[in-house]
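Residue numbers (the UniProt record's numbering): 1 to 307.
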């Protein structure tokens with residue numbers, strides 16, 4: 001978990017058994033962009049056109065995504081080395097935010113991941129006058145199907161999950177699952193924390209982007225969960241070390257203003273198009289109301305997510 005500048009606390013699943021979750025990456029992206037998106041400039045941002053605001057948001061998000069992967073090898077989470085700083089340490093986040101502000105651009109791809117497990121998530125959030133309970137349950141296709149007593153049952157341990165590769169040192173990380181869920185709570189009191197939002201994604205290579213982008217849109221652009229989920233998105237692909245954009249206008253603006261190449265989405269890339277999100281949030285002034293949004297596609301089932 002990590003305290004954001006306005007005392008909202010990000011909560012992530014605890015790693016166990018020599019494996020890390022991708023929530024560490026989505027939390028990094030949210031924390032970095034919130035630092036860069038200076039609240040003191042909110043009046044100035046309100047004067048921007050819709051297209052200019054979307055462009056600025058995309059620039060920050062893409063650079064934070066890229067930095068999340070590139071800084072991973074030097075973090076505690078790479079191998080679970082407790083002597084190293086966490087990716088979410090204050091020094092790590094401050095340094096990353098400074099790089100985004102200074103328009104940092106990497107020269108070569110350092111971190112690569114070619115294989116991903118596909119995860120499917122279910123969210124439960126119960127609120128009444130006595131309780132405020134939220135649970136996210138995420139299943140992975142790497143887990144065996146069948147019963148332990150069946151003849152074809154083959155147990156899998158955490159070492160079976162995919163790993164990141166450090167191309168600079170030719171080394172591998174500990175196993176990482178694609179699960180990238182995040183919760184956001186109001187940390188105004190240690191003993192009385194209020195859940196404000198939870199975001200979960202089903203998919204593989206897009207889960208980190210999906211969770212972080214949707215949460216940031218709700219927080220910074222004041223969008224409704226359903227609106228944030230269905231906006232055209234942009235992501236950094238760690239398989240290829242490249243940016244991809246769903247919005248053609250943003251692709252052109254990135255090329256002309258930032259000299260950033262954001263490729264057109266590849267329709268035949270099933271992993272890149274596998275992005276299903278569920279988001280639930282409450283408004284601070286109306287805590288008794290929960291707003292929920294899920295991915296819905298024309299002529300398609302929304303089976304990968306539920307609530």
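The beta carbon of each residue, even a glycine, is placed where N, CA and C say it ideally should be. Remember, it's a predicted structure, so these values are computed and weren't measured experimentally.
Query - Own chain residues within Cβ distance below 6 Å of residue 297, not counting five before or after - result: For the purposes of this step, residue 297 is taken as the residue at position 297 of the chain shown. If you ignore the 5 residues before and after residue 297, its C-beta comes within less than 6 Å of no other C-beta in its own chain.
Query raised in the report: Taking the Cβ atom as the reference point for each residue, do residue 251 and residue 245 lie within a distance shorter than 7 Å?
Result: Along the chain shown, read from residue 1 onward, the residue named residue 251 stands at position 251. Along the chain shown, read from residue 1 onward, the residue named residue 245 stands at position 245. Going by C-beta atoms, residue 251 is nearer than 7 Å to residue 245.
**Report entry** Three or more C-beta pairs below 8 Å linking the region 74 to 85 and the region 44 to 55
**Finding:** The way I'd put it, the region 74 to 85 doesn't touch the region 44 to 55; fewer than three beta-carbon pairs between them come closer than 8 Å.
Query raised in the report: Three-state secondary structure (DSSP) at residue 146?
Result: One-based indexing of the chain shown puts residue 146 at position 146. Its pLDDT being 47, under 50, residue 146 is placed unreliably in this model, and the coordinates cannot settle the point.
**Report entry** Continuous beta strand (DSSP E) assignments of at least 3 residues falling wholly in the region 176 to 223
**Finding:** With a minimum length of 3 residues, the continuous beta strand (DSSP E) runs that stay inside the region 176 to 223 are 182 to 186, 194 to 203.
**Report entry** Sequence-distant residues of the same chain with beta carbon closer than 8 Å to residue 307, five excluded per side
**Finding:** Locating residue 307 in the chain shown gives position 307, where the first residue counts as 1. The pLDDT assigned to residue 307 is 43, lower than 50, so where the model puts this residue is not dependable; a value taken from the coordinates is nonetheless given after this. Listed in chain order, the non-local C-beta contacts of residue 307 below 8 Å within the same chain comprise 122, 123, 124, 125, 278, 280, 292, 294, local neighbours out to five positions each way being set aside.
Requested in this report: Classify residue 37 as helix, strand or coil using the three-state DSSP reduction.
Outcome: Here residue 37 is taken as the residue at index 37 of the chain shown, counted from 1. Of the three classes helix, strand and coil, the one that applies to residue 37 here is coil, per DSSP.
Query raised in the report: Name the DSSP bridge partner or partners of residue 89?
Result: Here residue 89 corresponds to residue number 89 of the chain shown, with the count starting at 1. Its beta-bridge partners do not exist; DSSP assigns none.
Report task. Tell me the start and end of each unbroken alpha helix (DSSP H) in the region 65 to 132 that is at least 4 residues and wholly inside, in chain order. Result -> Qualifying alpha helix (DSSP H) stretches, in chain order: 76 to 79, 90 to 101.
Requested in this report: Within its chain, find whatever has a CB closer than 7 Å to the CB of residue 106; leave out the 5 residues flanking it on each side and keep chain order.
Outcome: In the chain shown, counting from the first residue as 1, residue 106 sits at position 106. So the list reads 66, 70, once near-sequence residues are dropped.
Query raised in the report: Taking the C-alpha atoms as reference points, what is the distance between residue 103 and residue 31?
Result: For the purposes of this step, residue 103 is taken as the residue at position 103 of the chain shown. For the purposes of this step, residue 31 is taken as the residue at position 31 of the chain shown. Each residue's alpha carbon lies about 17 Å from the other.
Query raised in the report: If we cut at 7 Å on Cβ distances, does residue 197 have a partner in chain B?
Result: Note that chain B does not occur in the displayed structure, where there is just one protein chain.
Query - Cβ-based burial, residue 259 [other Cβ within 10 Å; buried from 16] - result: Looking up residue 259 in the chain shown gives position 259. With fewer than 16 other Cβ atoms within 10 Å, it is exposed.
Query raised in the report: Using the rule of at least 16 other Cβ atoms within 10 Å of the residue's Cβ for burial, across every protein chain shown, is residue 289 buried or exposed?
Result: The count along the chain shown starts at 1 and reaches residue 289 at position 289. Taking all protein chains shown into account, residue 289 has fewer than 16 neighbouring C-beta atoms within 10 Å of its C-beta and is therefore exposed.
Requested in this report: Below 7 Å CB to CB, which residues in the same chain sit around residue 145 once its five sequence neighbours on both sides are set aside?
Outcome: Start at 1 with the first residue of the chain shown, and residue 145 comes out as number 145. No answer about residue 145 holds up, because its pLDDT of 47 lies below 50 and its placement is not dependable.
Query raised in the report: Which stretch, first to last residue, makes up the alpha helix (DSSP H) that contains residue 227?
Result: For this step, residue 227 is matched to residue 227 along the chain shown. Where residue 227 is concerned, the enclosing alpha helix (DSSP H) stretches over 225 to 230.
Query - For residue 266, the three-state DSSP class (helix, strand or coil) - result: Residue mapping note: residue 266 aligns to position 266 of the chain shown, counting from 1. It is coil, neither helix nor strand.
**Report entry** Cβ separation of residue 312 and residue 23, assumed to be a contact under 8 Å, to the nearest whole Å
**Finding:** With the chain covering 1 to 307 only, the question about residue 312 has no answer from this structure.
Query raised in the report: When you compare each of 265, 92, 175, 91 to residue 79 by their alpha carbons, which one comes out closest?
Result: Within the chain shown, the letter at position 79 stands for residue 79. It is 175 whose Cα lies nearest to the Cα of residue 79.
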